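Shown next, in structure tokens, is the structure this report addresses.
Residue numbers (our numbering): 65 to 355.
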């Protein structure tokens, strides 16, 4: 074999080995690497698109969030901070002792506590007694003040028995109270105040109170008893009257007297008319100046 042929064969073998190595490198190493890089590129592109969508939506979402936070922080209701029944009892006791118009006497019985995703409910039963107006105001204040409470299953009744010292306006009551508390800090910047709120539009008319009373209330404030008094002088807007104790009193239209008020002054007829409520029976009593 000539020297030129041998070199040609060696060169062809070298070229085949080089080409085969290059093909094997590309097919077995670079091709999978390229596929992996393409997959990674698609994943990163998808991740980029998702994050860009979130970024584009952030201003609107942030505005909605800030608006929701503002609503929560400025809302007139808030939740109890813990699921402790003692907090509920202390709050009820605080309401009852805050005013004579809210004073009631009650027993507090914890029933159970249930949890939702963001809040929980403490359920308790109350039973007690008190003046009808006070009971209505007490429940009204519970539901309208800052801490979120809901009254259900309310039952009221006149007191049993015929005790001589028993107030006719007293009632007994029972109800279930649902008190809401936080499970996540959704009201971090909301502080609890001691201000109590009541809906003044709620009627306090007592359906158990008889329209006609067997007796009239005593004159504890020592008001002018019209039927035991006499008029000694008057002007167009004022009368001068000697009351049941012999004292001279000055009254204008609308002023309170025992069982009623001064309704009108008739300077021409030298008389004054009083509107009296005698245990549910209304009477107009007219007094004239003694001549």
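Glycine is no exception: its CB is placed at the ideal position from the N, C-alpha and C atoms. Quantities reported herein were computed from a predicted structural model and do not represent experimental measurements.
Q | Cα-Cα separation between residue 342 and residue 258, rounded to whole angstroms | A | Taking the chain shown and counting its residues from 1, one reaches residue 342 at position 278. Taking the chain shown and counting its residues from 1, one reaches residue 258 at position 194. One C-alpha to the other measures close to 41 Å.
Q) Within 10 angstroms of its Cβ, does residue 125 collect 16 or more other Cβ (buried), or is it exposed? A) For this step, residue 125 is matched to residue 61 along the chain shown. If you draw a 10 Å sphere on the C-beta of residue 125, you find fewer than 16 other C-beta atoms in it, and that means exposed.
Q: Give the straight-line distance between the Cα atoms of residue 213 and residue 195, rounded to the nearest whole angstrom.
A: For the purposes of this step, residue 213 is identified with residue 149 of the chain shown, where counting begins at 1. For the purposes of this step, residue 195 is identified with residue 131 of the chain shown, where counting begins at 1. When rounded, the distance between both Cα atoms is 22 Å.
Q.
So, with DSSP's three-state summary, where would you put residue 277?
A. Mapped onto the chain shown, residue 277 falls at position 213. Looking at residue 277 - three-state DSSP - the assignment turns out to be coil, as it is neither helix nor strand.
Q: Identify every residue that forms a DSSP beta bridge with residue 214.
A: For the purposes of this step, residue 214 is identified with residue 150 of the chain shown, where counting begins at 1. Under DSSP, residue 214 forms a beta bridge with 242.
Q | CB-CB length for residue 219 against residue 202, believed under 8 Å | A | The residue given as residue 219 occupies position 155 in the chain shown. The residue given as residue 202 occupies position 138 in the chain shown. Between residue 202 and residue 219 the Cβ distance is about 15 Å, and since that is not below 8 Å, they are no contact.
(Q) Using only the alpha-carbon positions, how far apart do residue 157 and residue 323 sit? (A) For the purposes of this step, residue 157 is taken as the residue at position 93 of the chain shown. For the purposes of this step, residue 323 is taken as the residue at position 259 of the chain shown. The C-alpha of residue 323 is placed about 35 Å away from the C-alpha of residue 157.
Q.
Suppose you measure from the CA of residue 314 to the CA of residue 297; what does that come to, to the nearest Å?
A. Sequence index remark: in the chain shown, residue 314 carries index 250 (1-based). Sequence index remark: in the chain shown, residue 297 carries index 233 (1-based). Their backbone Cα atoms lie some 9 Å apart in a straight line.
Q: Measure from the alpha carbon of residue 316 to the alpha carbon of each residue in 326, 74, 75 and 261, then state which is nearest.
A: Taking the first residue of the chain shown as 1, we reach residue 316 at position 252. Closest option to residue 316, Cα to Cα, is 326.
(Q) Can you tell me whether residue 104 is helix, strand or coil according to DSSP? (A) Position 40 of the chain shown holds residue 104. Residue 104 falls in the helix class under three-state DSSP.
Q.
I'd like to know whether the C-beta atoms of residue 159 and residue 206 end up nearer to each other than 8 Å.
A. Taking the first residue of the chain shown as 1, we reach residue 159 at position 95. Taking the first residue of the chain shown as 1, we reach residue 206 at position 142. With respect to residue 206, residue 159 sits close: the two C-beta atoms are nearer than 8 Å.
Q. Between the beta-carbon of residue 276 and the beta-carbon of residue 345, is there less than 8 Å?
A. Translated into positions along the chain shown, residue 276 becomes position 212. Translated into positions along the chain shown, residue 345 becomes position 281. In this structure, residue 345 lies closer than 8 Å to residue 276 by Cβ.
Q) In its own chain, which residues sit with a C-beta less than 8 Å from the C-beta of residue 312, not counting the 5 before and 5 after it? A) Along the chain shown, one-based indexing puts residue 312 at 248. For residue 312, where only same-chain residues beyond five positions count, the Cβ hits under 8 Å are 296, 304, 305 and 306.
Q: Report the three-state DSSP secondary structure of residue 299 (helix, strand or coil).
A: Within the chain shown, the letter at position 235 stands for residue 299. Residue 299 sits in coil when the DSSP states are folded into three classes, being neither helix nor strand.
Q: Taking 8 Å as the cut-off, decide whether the C-beta atoms of residue 191 and residue 168 are in contact.
A: The residue given as residue 191 occupies position 127 in the chain shown. The residue given as residue 168 occupies position 104 in the chain shown. Cβ atoms of residue 191 and residue 168: not closer than 8 Å.
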